[in-house]
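Engineer: Here the protein sequences line up with chains A and B, keeping their order. The letter at position 265 of the first sequence is residue 274 when you use our numbering, and the numbering goes up by one with no holes. The letter at position 215 of the second sequence is residue 1284 when you use our numbering, and the numbering goes up by one with no holes. A virtual CB, placed ideally from N, CA and C, is assigned to each residue, including glycine. The structure displayed is predicted, hence computed values, not measured ones.
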Amino acid sequence: MLSQIAFWGAVELGLVFAFVAIGVFLAFRVLDFPDLTVDGSFPLGAAVAAVLITAGINPWLSAGIAMVAGGAAGMVTAFLNVRFRILNLLASILTMIALFSVNLRVMGKPNVALINADTMLSPFFGLGLREVYVRPLFLGVLVILAIVLVWRFLESDAGLAMRATGANPRMARAQGVDTRWQVYLGLALSNALVALGGALFAQTNGFADVTSGVGTIVVGLAAVIIGETLFGARGILLALIGCVVGSILYRIAIQVALSTDALGLKASDLNLVTAVLVAVALVLPRLRRGAPQ
Amino acid sequence: MIDLSNIHVVFGKGTPLQKEALKGVNLTIEQGSFVTVIGSNGAGKSTLLGVLAGDLLASEGKVTIGTTDVTRKSTAARAGLVARVFQDPLTGSCGALSIEENLALAARRGERRGLQSALGSGRRDLFRDRIAELNLGLESRMKDRMDLLSGGQRQAVSLVMATLSGSEVLLLDEHTAALDPGMAEFIMKLTQRVVSERKLTTLMVTHSMRQALDFGHRTIMLHGGEIILDVSGDSRKDLQVEDLIAMFRKMRGETLDDDALLIG
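1) Curious, which full-length alpha helix (DSSP H) runs of at least 4 residues does the stretch 39–74 of chain A contain?
2) DSSP three-state label for B:Lys1092, please.
3) How big is the Cα-Cα spacing for B:Gly1113 and B:Phe1155?
4) Return yes when the Cβ of B:Ala1173 is within less than 7 Å of the Cβ of B:Ala1187, no when it is not.
5) Below 8 Å CB to CB, which residues in the same chain sit around A:Met116 once its five sequence neighbours on both sides are set aside?
6) Can you look up B:Met1070 in the DSSP assignment and give me helix, strand or coil?
7) Any idea which residues DSSP pairs B:Lys1370 with across the strands?
8) Alpha carbons only, please: which of B:His1244, B:Ile1297, B:Lys1306, B:Leu1239 is nearest the one belonging to B:Phe1317?
9) So, at 8 Å on beta carbons, what are the nonlocal neighbours of A:Gly80 in its own chain, with the 5 sequence-adjacent residues on each side left out?
10) Check this for me: beta carbons of B:Glu1208 and B:Arg1193, under 7 Å apart or not?
11) Taking the alpha-carbon positions, what's the A:Asp44 to A:Val285 distance?
12) Taking B:Met1295 as part of the beta strand (DSSP E), name the residues at either end of that continuous run.
13) My output table needs one value for B:Asp1242: the three-state DSSP class, helix, strand or coil.
14) Taking contact to mean 3 or more Cβ pairs, one atom from each stretch, closer than 8 Å, check whether the stretch 1287–1294 of chain B and the stretch 1105–1124 of chain B are in contact.
15) Can you tell me where the alpha helix (DSSP H) holding B:Lys1114 begins and where it ends?
16) Please work out which residues of its chain come closer than 7 Å, Cβ to Cβ, to A:Leu108, disregarding the five sequence neighbours upstream and downstream, and give them in chain order.
17) I want to see whether chain B comes within less than 7 Å of A:Asn280, judged by CB atoms only; does it?
18) In chain order, which continuous runs of the beta strand (DSSP E) of length 3 or greater are located wholly inside the stretch 110–156 of chain A?
19) Between which two residues does the alpha helix (DSSP H) harbouring B:Met1257 extend?
20) Figure out for me which residue from B:Asp1138, B:Val1106, B:Leu1091, B:Ser1143 has the closest Cα to the Cα of A:Arg182.
21) Spatial neighbours of B:Glu1169 within its chain, please: C-beta separation below 8 Å, excluding the five flanking residues on both sides.
22) Leaving out five residues on either side along the sequence, give the residues of the same chain with a beta carbon under 7 Å from the beta carbon of A:Ala122.
23) How big is the Cα-Cα spacing for A:Thr63 and A:Val282?
24) Is there a Cβ from chain B that is less than 7 Å from the Cβ of A:Asp177?
25) Quick one: measure Cβ to Cβ for B:Thr1026 and B:Val1274, integer angstroms, because I've assumed they're closer than 8 Å.
26) Taking Cβ positions, are B:Thr1133 and B:Asp1072 nearer each other than 7 Å?
27) For chain B, check one thing: does any of its Cβ atoms lie closer than 7 Å to the Cβ of A:Ser199?
28) By Cβ distance, which residues of its chain are closer than 6 Å to A:Asn90, with the 5 residues on each side in sequence left out?
29) By DSSP, does A:Ala217 sit in helix, in strand, or in coil?
30) So which residues on chain A does B:Thr1116 lean against when the C-beta distance must stay under 9 Å?
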C-alpha cells in the first residue's frame, strides 16, 4: 500500500484543497452558481502570496492579501453576471481566462520559487515534530477554523439570506433579501477561500506556478460530491466536514491508484482517474436509492 | 394604507404586441381594511399585485404604502412594508431550509441581517409557539426541511411567516387555489383570524366569487385593466354570487361585440 510519507503527503494536499472544496460548496451548493473562476483564483492566491513573501512581506499578511485578491476575482464574475446578465457559467469562464494573464503579470514569469523563504509554517518546524507531520497538523488547525467560521456564518441571519438566494431567489426577494448583493458576497467569499488554498499550496510546496490552477474546479467538486455521498444532506456542519473528508479521501484514492503497480497507472493518467472517481461518487447515491431509471 | 394613483402599466412598449395591462387605476385602501379582488384572466389582477409587491414597476403613476412612496422601489427594498403569500406553495417558502429557518428568514424581513445566530436568543421557542397555534402538529417538526410538508401545510407556514415582522400590507395571490377544498377552507379561516388579530391592510386576489364576497370589507372587480366595480358596506351585503356572474357574462359579451365590429 502507501508509504507513511506518501500517505501524509496525500493528507496534506487534501487539507490544502479542503479550502477549495469549501469555496466550491459555497458557490455550487449554497448559491447554486456554477463558478469556474476557481481555476484562476487558486493560482492567483498562490502567485500573490509567493510574490509578496519573496519580497519580504509577512507570510500571514501575504496570505490575507491573497484572499482579498481572490475575493476581488469572485466579484468580477459576480459583476459580469449580475450587472450585465451574462450566463453564470460563461461569466466565470471569462474571469478564469483573464486571470491566467493576470497571474503572469503578478509573478512576472511563469513560476516563483519559495525554497528558502520564511512561510507561515516556518516557526513550527523547529519544535521537534517531523516536518511530514507538522504540515498536515498546521493545515488541519486552519481547516477546522475555516469550517467553524463558515458554519457559523451560514447559520446566521446573513447566511440564511445567502442560502435562500441560492434555493429560492423569488422568495428571498419577497423577504427583503437583495439577491444581487448576495451573489457578490457569496462569490467573493468562495474565491477568497480558494485563493487561501492557493496561498497555502505555494507555501507547503515551495513554489507558485501559473499552470497549477488547471482542473482545480474538478478537484473541488470531486471533494464536495464524495463528501455528500458519505454524509448525505444532513445539515450545514456535516456538509462542510464532508468537503474536508472528501478532499482527503480523494487524494488518498489518487495516491493508491497511482502507486498500485498492479493497475499499471502512470502520473499522466491522473485526470482519467479523477474523472472515474467523480463519476463513481455521482453514481453511488443513485445505486443506494435503488435501480436507476 | 395603500394608495395607487393613476397607475399605468404597459408591456412591450413600442412593439406591435404592446399591451396596456393597467389603464390609470386609482385605488385607496384604508389602514386595516380587507379588500378582495376578482376579474377574468388578463383583467390585470396579477399586474396590480405585482405593482404593489415591486415585481413590476408602473410606467406611470404613484404607489404609496403606509406613508412611503414605493413607486420606484425594488421588491427587496419594499419587503419591510409588504408581506406576501403566493399561489404556488413552493414559491412562498424555501424548500431547502427547515421550518424554523424559514421563519427566521421572515422574522428579519426588511431589517438588516447580521452575523448573530439566526435561531439564537429565544427565537427558536417563539417560532415553535407561533407554529403550535396552527394546530397542525408541525411544532414537533421544526427542524424538518420545508419540502417535506404538504402544499396546505406550506401555505399555513407561509401565513405565519407573513405575520412575523410588522408589515404594513398583506398581499394574498390566490393563495388557496392550489389546495384541496378542506385545506383551502382551513387556510381561509386562518387568514381571516390572522388579518383581524393583526389588523393588517389586506389585498386578496381570488378566482372564487364566493370567497370574494364572504371575506373582507370591500370587493373590487377588474376588467381590461380598469376597476369596473367597487362595492363595500350595505350594497356589498346585498350582492349575490349570481350578480357577479351576470356581470362577468355581460363583459364577455362586450368583448365579443368588439371582435365582431373588427371583423365585420
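Structural biologist: So, to answer that:
1) 47–63
2) strand
3) In a straight line, the C-alpha of B:Gly1113 is about 16 Å away from that of B:Phe1155.
4) yes
5) Ala56, Ala59, Val60, Ala217, Val219
6) coil
7) In the structure as shown, chain B starts at 1070 and stops at 1333, and residue 1370 of chain B therefore has no counterpart that could be examined.
8) Ranking B:His1244, B:Ile1297, B:Lys1306, B:Leu1239 by Cα distance to B:Phe1317 puts B:Ile1297 first.
9) Ala197, Leu198, Asn200, Ala201, Ala204
10) no
11) 22 Å
12) Position check: residue 1295 of chain B holds Glu in this sequence, whereas Met was assumed. Counting along the chain, the beta strand (DSSP E) containing B:Glu1295 begins and ends at 1295–1301.
13) strand
14) yes
15) 1114–1122
16) The answer, listed in chain order, is Gly49, Ser50, Leu53, Ala82.
17) no
18) 120–122
19) 1250–1267
20) B:Ser1143
21) For B:Glu1169, where only same-chain residues beyond five positions count, the Cβ hits under 8 Å are Leu1188, Arg1193, Phe1196, Arg1197, Met1211, Lys1212.
22) Closer than 7 Å at the Cβ level, and outside the excluded window around A:Ala122, lie Gly215, Phe216.
23) 35 Å
24) Per the sequence shown, the amino acid found at residue 177 of chain A is Asn instead of Asp. For A:Asn177, the answer is yes, since a Cβ of chain B falls inside 7 Å of its Cβ.
25) In this structure chain B extends from 1070 to 1333, so residue 1026 of chain B is not present and cannot be described.
26) Contact flag set, yes.
27) no
28) Excluding positions up to five away in sequence, the list reads Asn97, Ala100.
29) strand
30) Those do not exist, as B:Thr1116 stays about 17 Å from chain A at its closest Cβ, beyond 9 Å.
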